[in-house]
Structure formats: structure tokens, C-alpha cells
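Novice: Residue numbers (our numbering), protein chains in the order written: chain A, 53 to 394; chain B, 53 to 394; chain C, 53 to 394; chain D, 53 to 394.
The beta-carbon is built from N, C-alpha and C at its ideal position, and this holds for glycine as well.
There are 4 protein chains.
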Amino acid sequence: MIVRMQQGADTEAARSVAEHLRSRGFEVHLIASSGAPVIGVNGRQIPEDLGPTLCSLPGVADVLDSPRPYRLAAREARPSGTVVQVGNVRIGGPEPVIIAGPCTVESREQMLRAAEAVRAAGAVMLRGGAFKPRTSPYSFQGLGEEGLRLLAEAGAATGMPVVSEVMEPDQVELVAEYADVLQIGSRNMANFPLLKRVARVNRPVLLKRGFAATIEEWLLSAEYILAGGNDRVILCERGIRSFDPSTRFTLDLNAVPLIRQLSHLPIIVDPSHGTGRRDLVASMALAGIAAGAHGLIIEAVPDPDDALCDGPQSITPDTLASIAARARAIHSALTPELAVTA
Amino acid sequence: MIVRMQQGADTEAARSVAEHLRSRGFEVHLIASSGAPVIGVNGRQIPEDLGPTLCSLPGVADVLDSPRPYRLAAREARPSGTVVQVGNVRIGGPEPVIIAGPCTVESREQMLRAAEAVRAAGAVMLRGGAFKPRTSPYSFQGLGEEGLRLLAEAGAATGMPVVSEVMEPDQVELVAEYADVLQIGSRNMANFPLLKRVARVNRPVLLKRGFAATIEEWLLSAEYILAGGNDRVILCERGIRSFDPSTRFTLDLNAVPLIRQLSHLPIIVDPSHGTGRRDLVASMALAGIAAGAHGLIIEAVPDPDDALCDGPQSITPDTLASIAARARAIHSALTPELAVTA
Amino acid sequence: MIVRMQQGADTEAARSVAEHLRSRGFEVHLIASSGAPVIGVNGRQIPEDLGPTLCSLPGVADVLDSPRPYRLAAREARPSGTVVQVGNVRIGGPEPVIIAGPCTVESREQMLRAAEAVRAAGAVMLRGGAFKPRTSPYSFQGLGEEGLRLLAEAGAATGMPVVSEVMEPDQVELVAEYADVLQIGSRNMANFPLLKRVARVNRPVLLKRGFAATIEEWLLSAEYILAGGNDRVILCERGIRSFDPSTRFTLDLNAVPLIRQLSHLPIIVDPSHGTGRRDLVASMALAGIAAGAHGLIIEAVPDPDDALCDGPQSITPDTLASIAARARAIHSALTPELAVTA
Amino acid sequence: MIVRMQQGADTEAARSVAEHLRSRGFEVHLIASSGAPVIGVNGRQIPEDLGPTLCSLPGVADVLDSPRPYRLAAREARPSGTVVQVGNVRIGGPEPVIIAGPCTVESREQMLRAAEAVRAAGAVMLRGGAFKPRTSPYSFQGLGEEGLRLLAEAGAATGMPVVSEVMEPDQVELVAEYADVLQIGSRNMANFPLLKRVARVNRPVLLKRGFAATIEEWLLSAEYILAGGNDRVILCERGIRSFDPSTRFTLDLNAVPLIRQLSHLPIIVDPSHGTGRRDLVASMALAGIAAGAHGLIIEAVPDPDDALCDGPQSITPDTLASIAARARAIHSALTPELAVTA
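1. My output table needs one value for Met415 of chain D: the three-state DSSP class, helix, strand or coil.
2. What is the residue span of the alpha helix (DSSP H) that Gly347 of chain C lies within?
3. What are the boundary residues of the alpha helix (DSSP H) that includes Met163 of chain D?
4. To the nearest angstrom, how far is the alpha carbon of Ala129 of chain A from that of Ala61 of chain A?
5. List, in chain order, every chain C residue whose beta-carbon is nearer than 9 Å to that of Glu275 of chain B.
6. Taking 9 Å as the cut-off, decide whether the C-beta atoms of Arg330 of chain D and Ile367 of chain D are in contact.
7. With a threshold of 16 other CB atoms inside 10 Å of the CB of Gly237 of chain A, please say whether the residue is buried or exposed.
8. Just to confirm the assignment, what range does the alpha helix (DSSP H) spanning Ser324 of chain D have?
9. What residue range does the alpha helix (DSSP H) around Arg378 of chain C cover?
10. Assign Asn306 of chain A to buried or exposed, taking buried as 16 or more other Cβ atoms, counted over all protein chains shown, within 10 Å of its Cβ.
11. Give the list of continuous alpha helix (DSSP H) stretches no shorter than 4 residues that lie fully inside the stretch 258-294 of chain A.
12. Is there a Cβ from chain C that is less than 9 Å from the Cβ of Ile54 of chain B?
13. Within a Cβ cutoff of 6 Å, which residues of the same chain sit near Ser132 of chain A, ignoring the five residues on either side of it in sequence?
14. How is Val115 of chain C classed by DSSP in three states: helix, strand or coil?
15. For Asp358 of chain B, is the classification buried or exposed, using 16 other Cβ atoms within 10 angstroms of its Cβ as the cut-off for buried?
16. Please report the distance separating the alpha-carbon of Gln395 of chain D from that of Leu73 of chain D.
17. Give the residues of chain B in contact with Asn306 of chain A, contact being defined as C-beta atoms less than 7 Å apart.
18. Can you name the start and end residues of the alpha helix (DSSP H) that Met336 of chain A belongs to?
19. Going by Cα to Cα distance, which pick from D:Cys107, D:Val80, D:Met212, D:Arg56 is closest to Ala88 of chain D?
20. What are the residues in the stretch 277-297 of chain C lying within 9 Å of chain A by C-beta distance?
21. In whole angstroms, what separates the C-alpha of Asn243 of chain B from that of Glu269 of chain D?
22. Just to make sure I have the definition right: I need the residues of chain A whose C-beta is within less than 7 Å of the C-beta of Gly344 of chain B. Which are they?
23. Under 9 Å, Cβ to Cβ, is there at least one residue of chain A near Arg378 of chain B?
24. Under a CB-based cut-off of 9 Å, is Tyr15 of chain A close to chain D?
25. Can you tell me where the beta strand (DSSP E) with Glu147 of chain A in it begins and where it stops?
26. Assuming contact is defined by CB atoms lying nearer than 9 Å, are Val333 of chain D and Ile350 of chain D in contact in what I supplied?
27. Closest to Cys288 of chain B by CA distance: which of B:His316, B:Asp222, B:Leu259 is it?
28. Please list, in chain order, all residues of the same chain as Tyr122 of chain C whose beta carbon is under 6 Å from its beta carbon, the five residues on each side excluded.
29. Would you report the Cα separation of Asn345 of chain C and His316 of chain C, rounded to the nearest angstrom?
30. With 9 Å as the threshold, decide whether the Cβ of Thr266 of chain D is near any Cβ in chain C.
31. Less than 9 Å between the beta carbons of Ala182 of chain C and Gly196 of chain C, yes or no?
32. On the criterion of 16 or more Cβ atoms from any shown chain inside 10 Å, does Ala208 of chain C qualify as buried, or is it exposed?
33. Between which two residues does the beta strand (DSSP E) containing Arg201 of chain C stretch?
34. Please tell me whether Gly180 of chain D and Ala352 of chain D are closer than 9 Å, where the distance is taken between their beta carbons.
35. Thinking C-alpha only, which one of D:Pro297, D:Ile286, D:Cys155 is nearest Ile311 of chain D?
36. If I'm right that Pro318 of chain D touches Gly340 of chain D with Cβ under 8 Å, what's the distance once you round it to whole angstroms?
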């Protein structure tokens, strides 16, 4: 069970609610938050009178209970769905959005050319890695702050907000200076200190699914960010690890309708990392839209074969333009939304 | 490498080719086939002159070599793709097809009502299990031949060909008497004696992917049927086993564009068994079509909650009709086919 | 729930029990069995008085209920454990047993040499495949009946019972003529017609775990054999499919203590197929014994590098002898059995 | 390829080597290290003369090349194996070691009692979590520094070094103040900033395998620590994610002989998290030793059922003592080491 205090409630009020709960034998956690305080209550069957009693205490906004371990991320917490606004891009709204760009920022000219090309092909947000999580210590680890600067410049030049990955708590403020959206990569989905830190900055977070995370674990990671005071979370399915060596990862599109049922957060799909093969990107991107995704994040550059990193999964602007056109047509075919009567 | 003899070539000619190969040190297998003989050659590097030499021998139709272990199932063996015709239904052609019906044949009235309902909702072929592979020996194992009779009757009454599962070599002739298409279930994908037997009857085969089979193993199972003389094979993705308990299986749509690249055989998708949850069927069915599937096989019955078996994954005819309409619209959005330029 | 009739109870008595159950609204299955009849009861909450009532009916031996879907295979059905006797080899008794031999029977001389070598190294039973389940139709499929004959001859010459795989129902009688134990391979664990057929012959069955089967599914496959009248089932863990390409399969030793808790059937371990790498066989064999396995089945031949099939996982007789000696020492270190007090 | 500079080589020498490499067209990375500089060389076929040329340059200690992506962690880099010394405990030496204690530090009394109990049962190092990675933000997150203080106190009182988890780069110095060994948890195996930071402190690191990490990825994570200047790394297998719901994780003992072949680093096994079930801990612990592990890390407390966290997998001191005695006996049975001749 969780108790949310009203915006502006003083800490005294929260402490008093916590005290009441403890006196009745509950374990209580005050959750650090940049917004109104949130109190998590654990470890026992909840008596029926507890909810009403708590709601009558000073400063309490509401009390949520759920059969599931996540609460703020659950669909019931906002049945109408969340739209995350980034500049004039709306993720979770009626139109699917396309985020595109290179895997990694390599140079000023590369970024500008890529930004213009993906913009012309239909992208509305620009991606590019400056801090790269690389399996080998001997691989190129990204340009760091210089990469962020080049990414932001290319975004500004083409009128697109930008998204870039943040890998450790101490980088959060730096990345937030340049990026409009902070990306948490698959390997960091369960990096809880990092989740707590991004919860405290005023930036939307693109939270990729861990490649061996269950849907429930993923939503609990989102819950860390929501409970910490940042409710602008975008979920991104990017492939799970499976037994077939044909593809680097197995893009799990079942996650799309599952997340739409279980959570109010928008969900997008990454067919580039999700397959690791450029020849599968278009089909899986369109399948993602048909499954109900709110958008796509795709690696696309003018000259995929020249990329230093992950070239094998990058597509050309022409392919991106084809995807964008077909994605719109498929999305129209889904409207009005299918009422599942059985 | 494999050598295909001409239709009508006598066995003497095939023996003579085999003799030539053995004399040069190759291991040779004459593959039992109801059509023209096929000779499999194994175990050594192939010298460059061998192909031309073989082609000049009497009765040889062609010689195929491939970097992959399957040859007859490979895209190169029939670049234009295979269309499997069943009655007036064409699987693998320009229109996606819908196969629907109950999980299991339970009674005459149930089958007739279900057949009429799915026909009206857009299905063109009828499914229904008479021999059921059940994990527990104490579960209902199907009506057997009586079930086949009821299925065939319902198909005839509604003008639809029918598909039903065959579980063991000795059942093949019996099921082939009643069913227009023989289904090999997921648990039998690597039941090689069964594959060899269905290769010898004049019926198309719907070959489901084993739930832990790689794409290559699946195509090798198809190869057993093709090499045995039956080239009317329809592949069906039906979900793989993964780590997430949210769904019974993880429908692997990556298989759809992969199969379309690697093989000429048509590929359809089963979102019912692939997820095990009726609330995911519509989204995953449409995603399958967007990924490039040639059709869908879906469990649908008038009263899903009354089904003896697998009711939780059966949808209503209304939902089926919605899927059919949207599938057509999505399919149009994919035409002309996306040229992947990178 | 299941009802077992007394040995010698006439079918009239069983029918009368079934009638009683049906009259109270239960679904009833008479399970074909070569021993005493067994009645499976499904589909409803069991009232408390039912057990005692049934036990008082003529011919009823006992009534088993279980929270688990398998019953005859459950530990509770025979708390002291099952010992399967094959010739003078006892599997499931106090001493771990070693079964060894080549993957595939290739020739008379190969079999005799291999049998003598593994016998000298400590094996007490001989393995060798005559019918081989091969992923590719172009691979060597085994010598068939000739292979069985050679295997039986080598077993007789060295005083060891022999085990060989059976792949389809119609082969069961043939294999049973030559082999002392019938092996069901991993790909056939859920081949239910085959399970039903081996249930009806007077031969112990070595049931390998499907490489993507849960423990529960495995025990349900054993249940098919037990319910069919054959209670001499030996379980064999042989590796599951996982995501790491280092090994062909991931030998799952957790299965060993789990099976010992859940079932009374003996459990052995196959480190050869379970890893696919000869350099891991010795360590994993010993780990299997330490985990509590009743024995090992290992591919070993005098000249592993000359084998036509699966040579990369075959070990030499010297390595086998080392394993045998250490296995005995490890087994002693486990006695008396560890009482898990918490 | 990597180039290691001599201890004490000045940075000028390293720069000059790097310059030489760049002038020949290689991409070069100077790897931050607290010891002697290390230079990683990427991206091209290595000409035969390069190694000898580099070795002749001033300050170069040696040049390592490898068919594998990790080099410092590879067995070839130290064929005799690494022994990590912690106080008077030697991990990787001839005797297997046992590390035990509670999952989480809860109170002073709990820690002292647990430390005494596990010490008496045969443990030589004490474990206990102060910073806990918890899937849910509402779960108890550990006592933090107070927990570290209590752990260190209990270790000192019983004469055992202590190991505790570190979750983020900024905690490294704090945890290193109290703990003798820093643990990197499964969810942080690919937290590269954290790996880089622990590489720079003078403390051994216990690196758990990510639950969906391949053996190669795991060794590359170790490589981050070694390349950063800390060569006291202990690997710990703790279970992978699989499809069977019987256990929380599937302890992968195949990793033990694989790591012993591929790397010189010591490897221990965690049967507590690796199974999540106390009734499997003893069997899997002993199997780990038989597979060749250098030690065990086990959750054990006087009153497992009272634990706030992970009680279901904690064993009693009595069970621990049984494991310790049997582990010694099994280890003796393995000596001298098995020479795998085939």
C-alpha cells in the first residue's frame, strides 16, 4: 500500500501519518521525492478500515492499494494513460512518434548530416550516444560531454529534442544539461541508485527493459522513478535474451499489449537493438506499431556501413521514410481501438 | 549438397549417380520420396567440378549446394516463394488467410455453430483438434476419429477446408482421410518418424515451430518433409518458451521476417497458443500480419468460457471479425513490399 | 485424484467404481494398463468423504490425492524410493551406477572394443544408438535393427545389460527384443503415443528430460508410463536450452535434488549431451553425483576422434575410469544422507 | 591486443608506444589504471612483426594477444591461477573456503550471533548486506553505513574478514572503509562505471555473474577491473534465469569448469541465490565443490524463519556444518586433479 501526501504538505504531516502506521504495527518507508512525500507501507494484511482512516489524516492526498507490487505505474493509477510531452513532441498520444539517429555521436559533421537526414525521413526526436555502455573495456566508450554538445547542437539545428543515455548517478546532471530526455539502457534497468537519481531531475526518462527482466520487474523499475517524484517515464521494449543465435536479441512484442493493459505509461519499441540486424528492422518496427506501440526508436544514418559502432543494425534514411509512411497507415488501420469483447 | 533426379528418372539412374559419388569418396543417402528420387551427399568439401559433372549424368534434374544445412527449404530453391493451395484457399499468395475454430472438437453441434460463426467472421479454413497432445495423462485426449468426422462435416457444411493435428505415424492415413491439411504440433516438430510419414501422403502439412527450436532446426524439420517428397509445407510460429511468467509462451514474431528471408515456404502465426491469453490475441495477430505473415490461425468459438480446453485463449467471433478487417487494412499498408535498401 | 484397483480385480469392479464416480458428477478416465486398472478422476473439488467411500468399494486398492498434477510419480506414492533392477544392476539403490558406450553403433568391432573398454573402466551397463534422431535428414540415421543386434551381442559378450533409444511406437517391440532398457530421447519426452506404447512392454524405460521441459512436465511424462502400467522408469537429466553459446546445452543439476524431493523415481545424469563438450564431462559427472544422482550415462569410446557422430563429446576409457573412482569416493562422502534441518 | 607497461614506466613511455601504434593505423586506448599503464589496441588484423617491435620499445613489459576478447582475465595471462588473499583466507588455493552469514544486516545482536554461529560451523569469511538492491522501491533497502559498521564489528569479534555489496560508484570508498572484499551483485555485473571505480581501490572484488550474462560477458566485466589496475577478482556463479518456475534461478554449474579453463581467476558458487530454496542449498553446494569451485558463499543464520529478507533460502548453522564437512571430503576425492586426457 502507498500513501501519497498532498503537494505542499509539510514533512510534519507525513511523519505523523508514518507514526500512525507504525503504531498499528506496519513497516513504513518514507520515499525520497522531489514532489510531495510518498509513504510505502509493507509487510502485513491491510485491515479494511485503514484506507479511510488514513485519508482522514491531515495532508493525505490519497491511498493506493493494488494486488500488484507496483502501484504508481499501474494502469489504475491513471486509467486515461500518460502523455509525455517533450518540446512539441507528445509520446503516448494519438500519433506514433519516431525517434532516430546514430548509435553513437562520432563527429559534428556526422551528427548534423544524420539529424537532417532522419528529420527529412519523418523522425521527430534525435538519438545519439555520448556515454556508451560497452561490454569490452577496449571498445570505444563514447565522446562524453563533447558528444552531448554535438548532439544538442544537431538537435537545435533541426528543431528536434534529443535523447541520450546516462550510465551513472553522477552523470545525471551533466546529461540533463544537454539532453531533453534521459535514457536508461537495458543493462541499467535495475541500477537502483541511478533510477533514484533520474527521479529527481526535471527531465523525462526513457526506460529500456532489461534484456532478462520480467514485465513486473520492469514496471517496478519505473515505480522507483515515479515514487521518487518524476512521473514522465517512457518505457521501451528492446529485445530479450533467448536461445536462438539467428538474432542478437529477440524483440518481445508481447510486451506492448501487456504494458498497455498493466500500466498507464507510454511504450515504444526499439527494433534496432531488439534484433541486431538491419534486414529485420522495418518488419519489426511495423509489427511494433500494429501491436499498439506509441512510437519507435531506430538507428538510422546516411552511411550505415561507415559507422564505428553497431553499423550492422543501422538503416538508411530511405528505409526510415518507408517505415514512417507505413507506420502511419498501419496506425490508422487500428483506429478506433479494437474493443476486445472476449 | 543434394542431387534431385528428374521426374520419371528410373532408380537405375539414381543408383548410378550414387555410385559415382561413392567412388569419389562421398557419403551418399538415397532419400525415400514419393516423387522423383533425391540424393543427399555429405561429409566433405565439394570440389568445383562436381556440380557440372553430376548435371551431365543421365536423369539428373539439378544439383543444389548451400552454406546452410537445409537446401530444399532454402529461399534459393524457389526464389519466387511457394503458394500452398488447399481447395480454393491459397496460403503464401498476395492475401493473408485466416484459419479459425475451436481448440478441440467436442460435439456435432459445437462444431457446426463454431464453423458458421468463424466463417461469417472472415475465416477461410476451419481448425479443430481430434487427437490432442496433453501434458497430463488424466486430461481429455480428444474424440479421435469421431472428432475428425465431425470436423470434416462442419467444414463441408460451411465450404471450408479443415486442418487437424496428427500425433503419430500410424495416424497419418486416418487423419488424411478427413483433413485437408495435416498439422504437426509444437511438441512433435522433431518427431522425425512422423515427419517422414507425412512426407508420403498427398496432403499439405502445417508445421508448427517447436517451442524451443531454433529457426535452423525448424527449417531442417521442414526439410525432412520436402526431401521425403511433399513440398506443400506451411510453417507456423506459435510461441517460444521464455523466462517471463506473464504469458504461457512468448510469440516470436522475429521468426516471420527471418523465415521470409531464409525460405520460400509460407509462414503463418498462431497468437492463441503463442500467448495463451485471449486479451493479447488481437494485438499479436495484427502485429504478425505487419511483420509479413501470410496468415493467422486463431482459436475462436461462440462461447469461449464454456470450452472444455484452452478456453482462456479463445476469442469471440466479433473479435475475430475485427481482426480480419484490420488485418486486411494493415496488409494493404504493406503493399508494395518494402524494399530494404540497407 | 486417482484410484488404483487391486491386482487381479476384475474389470467389472473397476467399471462399478467408475459408475459411482460418474453418478456423483466426476469425469472419469479408465487408464489402459497392463497391471491392475487405474482410474483417473478429474475436474472438480473432491469432497472429504469421497476417499473413504471409494476405499470401501470392492476391488479398490487405494486412492491417491495430491496437490500436484502427477500422482503415481510423486514421492508420496512410494516414499522409500524406487529401485529399478536390470539384470543384476540396481538403479536407485545405494550405489551409483555408470552406463557408458558410444553415441551410435557403427560396426561389430567398434561395439565389442567399446564394450570391453567401458566395462574395464567401471561401467555396468552399455549404451549405443541404433535408431538416431537427427536434426538433418541428410545425417546418418543409425544402423537400425542391425545396430541393435550388434549392441546386444556386445552386451552379452561383456556381461552388461544394454540400453538403446526407441523413436516411434511401432519400433517399441523391435527394440525391446534386443535392449534391456528402452530410452526415450529428449525430443520425444512429450511424444505421448510413444510413452503410452512403452508403458505396455515389460522393459524399464530411461526417460530423458525434454531440453525445454519443466520439472513438472517431465514428471507428467513419467506419469503417462506409470499410469499405463509400467512402473520401472529411470529419469535422466541431459541439459536444458539456455542463452550461452559456450555449451550446446546447460546441464541443469538443480533437477537432481528437486526430483529426489518430488518423486520416488531414480534420477541419473548425462554430462555428455548435457554439455556437448568432452572437456566438461568429468567435472559435471562428479557434480551430478554430489548433487545426489543415482548414476551417470556417459559417451565413452576407445578413439573419440574417430567417431562418426558426437565425437566431440566422447571421452576415453581412462577418463571414464577416473570418473568412476572419484564418483565412488564422492558418494561415500555423502553418506549418511544429509539431514536438511532447515 | 593489449600492451602492458612495466611497473614504474613513466607516462612518456606509454605515450610513445601509443604514438607508434597510431602511426601504424591502430586505434589505441590508454586504460586508466592504478598500477602500470595498459594500452588496448583495436580494430585491425595484427601483423606478425608488431609484437616483437613493441616489446623492444622502452618501458613495455609484455604484449598479449588472444583469440578471445578478454586478455588479462584469460587463463594464458597467468597459467598457474590466481590466489586472492584476504586476511589469512586464501581463495583460489588448495582448500575450498566457505563464506557465510545473513542476507542483510539487521541489528548488532543479529550480526554477532550469526557471525559466531557460522564461524563455529566452518565459515572463514562473513557476509552481510548493508546496501541492498531491491526490485521494489517499497522494500527494505538496508541499513547503509550503520549496517557496514555492525558487519565489520561482527567480523572483528569473530576474527573473520567481511564482504559486502557496493551498488554505485560513490559508495565504493565508503564500503571499502569497512569491508575487506567488495561485492558486485548480479544486477550490476554490467555497471561499467562501478567496475571502473572498484578497479581503483585496494580491495579484492567478488564479481557475481549477471543472471543473463554469457561466460564471455562475465569475463569481460572482470577484464574492466583487471585493466583498471585491480587484479584481485573472485568470480561467483549465482544462477541464471531460465524457464522453469520450480526455482527462482537455475544455478549453472557448467560455469565452474568453463571458468577454470578460460580464466586464472578463482571461482566460487552461491547456492542460496542460485536456487532461492533452502532445501536445495546443501546438494547444490556440494555439487559446486565437485565441479571444481574454490569456495561457497551461503546464507546461513541461527533462525532462518525470522529473517526480514530472503529467509526462504537461508539455512541453519547445523546444515552449514554438514556442508562444510562433506565439502572437505569431496574436495579430497578430487585430488590430485583429474587429468582430462580426452
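Specialist: Straight from the coordinates:
1. Residue 415 of chain D lies beyond the residue range present for chain D, which begins at 53 and ends at 394; the question has no answer from this structure.
2. Taken as a continuous stretch (DSSP letters only), Gly347 of chain C belongs to no alpha helix (DSSP H), being part of the beta strand (DSSP E) at 347-351.
3. 160-172
4. 20 Å
5. Ser188, Pro189, Tyr190
6. yes
7. buried
8. 323-327
9. 369-386
10. buried
11. 267-279
12. yes
13. none
14. strand
15. exposed
16. This structure gives no information on residue 395 of chain D, because the portion of chain D shown stretches from 53 to 394.
17. Thr299, Thr302, Leu303, Thr327, Leu332, Met336
18. 330-343
19. D:Arg56
20. Arg293, Ser294, Phe295, Pro297
21. 35 Å
22. Ser335
23. yes
24. In the structure as shown, chain A starts at 53 and stops at 394, and residue 15 of chain A therefore has no counterpart that could be examined.
25. From DSSP, Glu147 of chain A is part of no beta strand (DSSP E); its letter is neither H nor E.
26. yes
27. B:Leu259
28. Leu271, Leu272, Glu275
29. Inspection of the sequence shows that residue 345 of chain C is occupied by Ala rather than by Asn. Roughly 13 Å separates the two Cα atoms.
30. yes
31. yes
32. exposed
33. Here Arg201 of chain C belongs to no beta strand (DSSP E); instead the alpha helix (DSSP H) covers 197-210.
34. no
35. D:Ile286
36. In fact, because the Cβ distance is near 13 Å, the residues do not count as touching under 8 Å.
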